[in-house]
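Colleague: Residue numbers (the working numbering), protein chains in the order written: chain A, 37 to 151; chain B, 9 to 119.
Yeah, the Cβ is synthetic: ideal placement off N, Cα and C, and Gly gets one too.
Supplied in structure tokens, the structure appears directly below.
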Amino acid sequence: EAGVAQSPRYKIIEKRQSVAFWCNPISGHATLYWYQQILGQGPKLLIQFQNNGVVDDSQLPKDRFSAERLKGVDSTLKIQPAKLEDSAVYLCASSRWGPSQETQYFGPGTRLLVL
Amino acid sequence: AQKITQTQPGMFVQEKEAVTLDCTYDTSDPSYGLFWYKQPSSGEMIFLIYQGSYDQQNATEGRYSLNFQKARKSANLVISASQLGDSAMYFCAMKYGDMRFGAGTRLTVKP
Chain A
37 EAGVAQSPRY
47 KIIEKRQSVA
57 FWCNPISGHA
67 TLYWYQQILG
77 QGPKLLIQFQ
87 NNGVVDDSQL
97 PKDRFSAERL
107 KGVDSTLKIQ
117 PAKLEDSAVY
127 LCASSRWGPS
137 QETQYFGPGT
147 RLLVL
Chain B
9 AQKITQTQPG
19 MFVQEKEAVT
29 LDCTYDTSDP
39 SYGLFWYKQP
49 SSGEMIFLIY
59 QGSYDQQNAT
69 EGRYSLNFQK
79 ARKSANLVIS
89 ASQLGDSAMY
99 FCAMKYGDMR
109 FGAGTRLTVK
119 P
């Protein structure tokens, strides 16, 4: 079974530019998560999708971050415009159902550096 | 509010010895899940072990076991017979609704 796929693996941009990350979850997983992991910290949830609907986006900085999962499979996370403090690893995870105490499986992450 | 605390920023262990990584949590909800993940330098979060709040027995997965003490709100990870490949960051997490992670512990296994 293929794991969670993410691209690109690395991205370097200048502040005020825009950037997009892509995630393809494990086949059959209804729930998809985007996390931000700043160096030296644990991951922090940005947004959770159940199929193509948003379950939780309370920690998503909506003035500059957006995410979509139009067909309930793969997802895109966008930052526009980027700030220096957005430098982090962006992790995508998926789980079969989501609401229960269910294991989340993570992708390799995208390392973003904003200069 | 949910809170996860890992008080050990870094730990060292000799190869083939056992090591315990500490994790305490705070929640008022009776139903929750506790997870441990390993994050090597490559960056991917690898699931290790899960403990449900109603589980009577401590979870075990190969060389990993979870020492769950519900009254003390602790969920320590025990790694037996450490290997060089165990060197990584280890994160404790709790899920009720969303998943909250601790700050992590960097484990270094010495040959």
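1) Decide if residue 17 (chain B) is buried, meaning its Cβ has at least 16 other Cβ atoms within 10 Å, or exposed.
2) How many angstroms separate the CA atom of residue 89 (chain B) from the CA atom of residue 96 (chain B)?
3) Near residue 33 (chain B), what residues of its chain come up, given a Cβ to Cβ distance below 6 angstroms and the 5 sequence neighbours on each side ignored?
4) For residue 105 (chain B), name the three-state secondary structure that DSSP assigns.
5) Since residue 133 (chain A) is in the beta strand (DSSP E), which residue starts that stretch and which ends it?
6) For the segment 64-148 of chain A, list the beta strand (DSSP E) runs that are entirely contained and at least 3 residues long, ordered along the chain.
7) Mind checking if residue 46 (chain A) is an interface residue toward chain B, Cβ cutoff 8 angstroms exclusive?
8) Can you tell me whether residue 109 (chain B) is buried or exposed, with buried defined as 16 or more other CB within 10 angstroms of its CB?
9) Run down chain A in chain order and give the residues with a C-beta less than 7 angstroms from the C-beta of residue 69 (chain B).
10) Which one or two residues does DSSP pair with residue 48 (chain A) in a beta bridge?
11) Which term fits residue 48 (chain A), buried or exposed, when burial requires 16 or more other beta carbons within 10 angstroms of its beta carbon?
12) Quick one: is residue 25 (chain B) buried, meaning 16 or more other Cβ sit within 10 Å of its Cβ, or exposed?
13) Suppose the cutoff is 6 angstroms on Cβ atoms and the five residues either side in sequence are ignored; what does the same chain contact list for residue 21 (chain B) look like?
14) Over what stretch of residues does the beta strand (DSSP E) that includes residue 81 (chain B) continue unbroken?
15) Since residue 97 (chain B) sits in a beta bridge, which residues does DSSP pair it with?
16) Just curious, the beta strand (DSSP E) that residue 43 (chain A) is in, first and last residue?
17) Name the residues in the segment 82-101 of chain B whose C-beta lies less than 7 angstroms from a C-beta of chain A; which are they?
18) Since residue 85 (chain A) meets chain B, which of its residues come closer than 8 angstroms, beta carbon to beta carbon?
19) Smallest Cα separation from residue 82 (chain A): which of A:88, A:75, A:74 and A:70?
20) Any Cβ of chain B within less than 8 angstroms of the Cβ of residue 78 (chain A)?
Modeller: Answer, in terms of the structure:
1) Translated into the one-based positions of the second sequence, residue 17 (chain B) becomes position 9. By the 10 Å Cβ count, residue 17 (chain B) comes out exposed.
2) In the second sequence, residue 89 (chain B) corresponds to position 81, counting from 1. In the second sequence, residue 96 (chain B) corresponds to position 88, counting from 1. Straight-line Cα distance between these residues: approximately 15 angstroms.
3) Locating residue 33 (chain B) in the second sequence gives position 25, where the first residue counts as 1. The answer, listed in chain order, is 12, 81 and 102.
4) For the purposes of this step, residue 105 (chain B) is identified with residue 97 of the second sequence, where counting begins at 1. Of the three classes helix, strand and coil, the one that applies to residue 105 (chain B) here is coil, per DSSP.
5) Taking the first residue of the first sequence as 1, we reach residue 133 (chain A) at position 97. From DSSP, residue 133 (chain A) is part of no beta strand (DSSP E); its letter is neither H nor E.
6) Within the segment 64-148 of chain A, the complete beta strand (DSSP E) runs of at least 3 residues are 67-73, 80-86, 89-92, 101-104, 111-115 and 124-131.
7) Translated into positions along the first sequence, residue 46 (chain A) becomes position 10. No, residue 46 (chain A) does not count as interfacial toward chain B.
8) Within the second sequence, numbered from 1, the residue matching residue 109 (chain B) stands at position 101. Around the beta-carbon of residue 109 (chain B), 16 or more other beta-carbon atoms lie within 10 Å, marking it buried.
9) On the second sequence, residue 69 (chain B) is found 61 positions in, with the first residue counted as 1. For residue 69 (chain B), no chain A residue has a Cβ inside 7 angstroms of its Cβ, as the nearest lies near 11 angstroms away.
10) The count along the first sequence starts at 1 and reaches residue 48 (chain A) at position 12. Under the DSSP definition of a beta bridge, residue 48 (chain A) partners with A:149.
11) The residue you call residue 48 (chain A) lines up with position 12 of the first sequence. Note on residue 48 (chain A): under 16 other CB atoms within 10 angstroms of its CB, so exposed under the neighbour-count rule.
12) As a working note, residue 25 (chain B) is residue 17 in the second sequence. The C-beta of residue 25 (chain B) has fewer than 16 other C-beta atoms within 10 Å across all chains shown, which makes the residue exposed.
13) The sequence position of residue 21 (chain B) within the second sequence is 13, counting from 1. Taken in chain order, the residues that qualify are 27, 90 and 117.
14) For the purposes of this step, residue 81 (chain B) is taken as the residue at position 73 of the second sequence. In the DSSP assignment, residue 81 (chain B) falls outside any beta strand (DSSP E), carrying neither H nor E.
15) Numbered from 1 along the second sequence, position 89 holds the residue referred to as residue 97 (chain B). According to DSSP, residue 97 (chain B) shares a beta bridge with B:47 and B:114.
16) Stepping through the first sequence from its first residue, residue 43 (chain A) is reached at position 7. Looking at the DSSP string, the run of the beta strand (DSSP E) that includes residue 43 (chain A) is 41-43.
17) Flagged, chain order: 99.
18) As a working note, residue 85 (chain A) is residue 49 in the first sequence. Neighbours of residue 85 (chain A) on chain B: none; closest Cβ ~13 angstroms, over 8 angstroms.
19) Stepping through the first sequence from its first residue, residue 82 (chain A) is reached at position 46. Of the residues A:88, A:75, A:74 and A:70, the one whose Cα lies closest to the Cα of residue 82 (chain A) is A:70.
20) For the purposes of this step, residue 78 (chain A) is taken as the residue at position 42 of the first sequence. Yes, residue 78 (chain A) lies at the interface with chain B (some Cβ there is under 8 angstroms from its Cβ).
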